[in-house]
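Numbering (our numbering), first residue to last: 247 to 584. Beta carbons: idealized from backbone N, C-alpha and C, even for Gly. What you are looking at is a predicted structure, and each value in this text was computed from that prediction instead of being measured.
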Ligand code: BTN
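Right, here's the structure in full:
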């Protein structure tokens with residue numbers, strides 16, 4: 247047990263104020279060391295009250311946003327997803343970390359979770375701005391025994407898992423959903439949608455075989471300010487719900503859900519068993535969409551998804567149902583982002 251944990255244990259056993267002097271004497275450390283460790287605990291999200299002449303008191307931790315390896319592990323109910331879990335306060339990109347770990351022989355299911363990234367990557371070569379403002383940045387290592395043509399569907403399996411974990415955890419008076427194929431969005435001002443989560447899947451090949459896949463997820467959880475260039479389409483769980491979200495609980499639920507969805511997906515190597523759950527969250531369903539296909543853009547109405555995770559769109563031009571695959575094609579709402 248390190249100093250922080252010792253202090254935490256002492257405060258939680260007491261349930262009341264413990265003076266700085268008592269902590270110094272019991273742990274054989276200086277007053278400055280007590281103070282520094284208390285500051286670190288507060289930065290990690292522990293609600294510690296400090297009152298002159300009384301000392302320190304730990305308030306209820308049930309709903310506090312304490313984002314540490316321990317807090318995630320206690321809630322993880324998986325067999326392989328997130329085992330092992332490597333927790334980093336700061337890293338370049340968790341996707342890059344996963345490929346480095348894969349090269350060292352880490353197993354299927356290895357998870358890297360970070361509280362901040364300095365070189366976060368988004369889709370289409372964009373940057374994923376990753377400030378240390380209460381968000382989650384994480385990537386999993388998969389070494390699946392799947393046909394290469396089905397691996398792009400893993401991103402869709404992940405989107406479903408994030409959506410389900412969100413609905414499990416966040417009260418349903420705020421409407422979260424999936425914008426096909428894999429953005430998690432939330433309804434703001436009762437109408438338009440903004441993005442709270444992005445997913446980036448990358449693959450490494452060796453001798454034309456898949457050697458490693460990583461699915462990286464960036465979630466805007468408790469962030470309250472956004473740069474002007476992304477503020478129009480992005481928001482956070484906290485801004486949308488008006489309350490702070492426990493990141494450890496959200497992280498664990500995502501992997502609990504993912505492990506089960508992955509099992510169902512790999513049984514058939516298609517989306518047949520997951521389609522009803524995905525369509526429940528699909529915000530494009532029934533809405534007018536622009537399909538931004540560089541070869542042939544068109545407009546239509548989104549109907550749902552097919553067994554390969556493709557979006558089914560009834561074309562305005564001739565009423566035919568077009569199967570739109572992700573990849574180079576993206577979809578926008580006719581009047582906005584969704
Ligand atoms: C997108 O552009 O929508 C995808 C963003 C994916 C960001 C996550 S954050 C964790 C992981 N590490 C990265 O460098 N990117 C992904």
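Considering only the beta carbon of each residue, do residue 467 and residue 341 sit closer than 8 Å?
Against the chain shown, residue 467 aligns to sequence position 221. Against the chain shown, residue 341 aligns to sequence position 95. Cβ atoms of residue 467 and residue 341: not closer than 8 Å.
Is residue 374 near the ligand BTN - that is, is its Cβ less than 7 Å away from at least one heavy atom of it?
Position 128 of the chain shown, counting from 1, holds the residue named residue 374. Yes.
Mind listing, in chain order, the continuous alpha helix (DSSP H) runs of no fewer than 4 residues lying wholly within the region 462-513?
474-477 and 483-487
Burial state of residue 530 (16 or more Cβ within 10 Å)
The sequence position of residue 530 within the chain shown is 284, counting from 1. So residue 530 ends up on the buried side.
Is the beta carbon of residue 348 less than 8 Å from the beta carbon of residue 505?
For the purposes of this step, residue 348 is taken as the residue at position 102 of the chain shown. For the purposes of this step, residue 505 is taken as the residue at position 259 of the chain shown. Taking 8 Å as the Cβ cut-off, residue 348 and residue 505 do not qualify as a contacting pair.
Name the DSSP bridge partner or partners of residue 275?
Taking the chain shown and counting its residues from 1, one reaches residue 275 at position 29. Its beta-bridge partners do not exist; DSSP assigns none.
Coil, strand or helix - residue 296 by DSSP:
The count along the chain shown starts at 1 and reaches residue 296 at position 50. Note: residue 296 maps to strand in three-state DSSP.
Can you grab the Cα-Cα spacing for the pair residue 499 / residue 331, in whole Å?
Stepping through the chain shown from its first residue, residue 499 is reached at position 253. Stepping through the chain shown from its first residue, residue 331 is reached at position 85. Whole-angstrom Cα-Cα distance: 14 Å.
Please state whether the Cβ-Cβ distance between residue 518 and residue 473 is less than 8 Å.
Working through the chain shown from its first residue, we reach residue 518 at position 272. Working through the chain shown from its first residue, we reach residue 473 at position 227. Going by C-beta atoms, residue 518 is not nearer than 8 Å to residue 473.
Within the region 382-419, note down every full alpha helix (DSSP H) run reaching 4 residues or more, in order along the chain.
399-415
Candidates 437, 286 and 572: closest to residue 395 by CA position
Along the chain shown, read from residue 1 onward, the residue named residue 395 stands at position 149. Looking at the Cα atoms, 572 is the closest of the given residues.
Using a 10 Å radius around the Cβ and a threshold of 16 neighbouring Cβ atoms, would you call residue 248 buried or exposed?
The residue you call residue 248 lines up with position 2 of the chain shown. Exposed, because fewer than 16 other Cβ atoms sit within 10 Å of the Cβ of residue 248.
For residue 556 and residue 515, the rounded distance between their alpha carbons:
Numbered from 1 along the chain shown, position 269 holds the residue referred to as residue 515. Numbered from 1 along the chain shown, position 310 holds the residue referred to as residue 556. Going from the Cα of residue 515 to the Cα of residue 556 covers about 14 Å.
Of the residues 311, 344 and 536, which one's Cα is nearest the Cα of residue 450?
As a first step, residue 450 must be located in the chain shown, where it is residue number 204. Comparing Cα-Cα distances from residue 450 to each of 311, 344 and 536, the minimum goes to 344.
Cβ shell of residue 547 (< 8 Å), same chain only, five flanking positions each side left out
Here the question's residue 547 lines up with position 301 in the chain shown. Within the same chain, residue 547 has close Cβ partners 532, 533, 534, 535, 559, 560 and 562.
Span of the alpha helix (DSSP H), counted from its first residue to its last, around residue 332:
Indexing the chain shown from 1 puts residue 332 at position 86. No alpha helix (DSSP H) contains residue 332, which is instead part of the beta strand (DSSP E) from 331-334.
Assuming contact is defined by CB atoms lying nearer than 8 Å, are residue 385 and residue 461 in contact in what I supplied?
For the purposes of this step, residue 385 is taken as the residue at position 139 of the chain shown. For the purposes of this step, residue 461 is taken as the residue at position 215 of the chain shown. Taking 8 Å as the Cβ cut-off, residue 385 and residue 461 qualify as a contacting pair.
Less than 7 Å separating the Cβ of residue 539 from some heavy atom of the ligand BTN?
By 1-based counting over the chain shown, the position of residue 539 is 293. Flag unset: Cβ of residue 539 not near the ligand BTN.
Does any heavy atom of the ligand BTN sit closer than 7 Å to the C-beta of residue 339?
For the purposes of this step, residue 339 is taken as residue 93 along the chain shown, with counting starting at 1. Residue 339: yes, Cβ under 7 Å from the ligand BTN.
I'd like the list of long-range same chain contacts for residue 503, defined as Cβ closer than 7 Å, with 5 residues on each side in sequence excluded.
Position 257 of the chain shown holds residue 503. Around residue 503: 407, 410 and 411.
Is residue 491 near residue 311, with beta carbons less than 8 Å apart?
For the purposes of this step, residue 491 is identified with residue 245 of the chain shown, where counting begins at 1. For the purposes of this step, residue 311 is identified with residue 65 of the chain shown, where counting begins at 1. Yes, Cβ-Cβ distance for residue 491 and residue 311 is below 8 Å.
Using a threshold of 8 Å, state whether the C-beta atoms of residue 416 and residue 431 are closer than that.
For the purposes of this step, residue 416 is taken as residue 170 along the chain shown, with counting starting at 1. For the purposes of this step, residue 431 is taken as residue 185 along the chain shown, with counting starting at 1. Cβ distance not < 8 Å, so residue 416 and residue 431 don't count as in contact.
Best match in 400, 294 and 425 for proximity to residue 507 [C-alpha to C-alpha]:
Here residue 507 is taken as the residue at index 261 of the chain shown, counted from 1. The shortest Cα separation from residue 507 among 400, 294 and 425 belongs to 400.
What's the gap between the Cα of residue 456 and the Cα of residue 351?
Here residue 456 refers to the residue found at position 210 of the chain shown. Here residue 351 refers to the residue found at position 105 of the chain shown. Roughly 15 Å between the two C-alpha positions.
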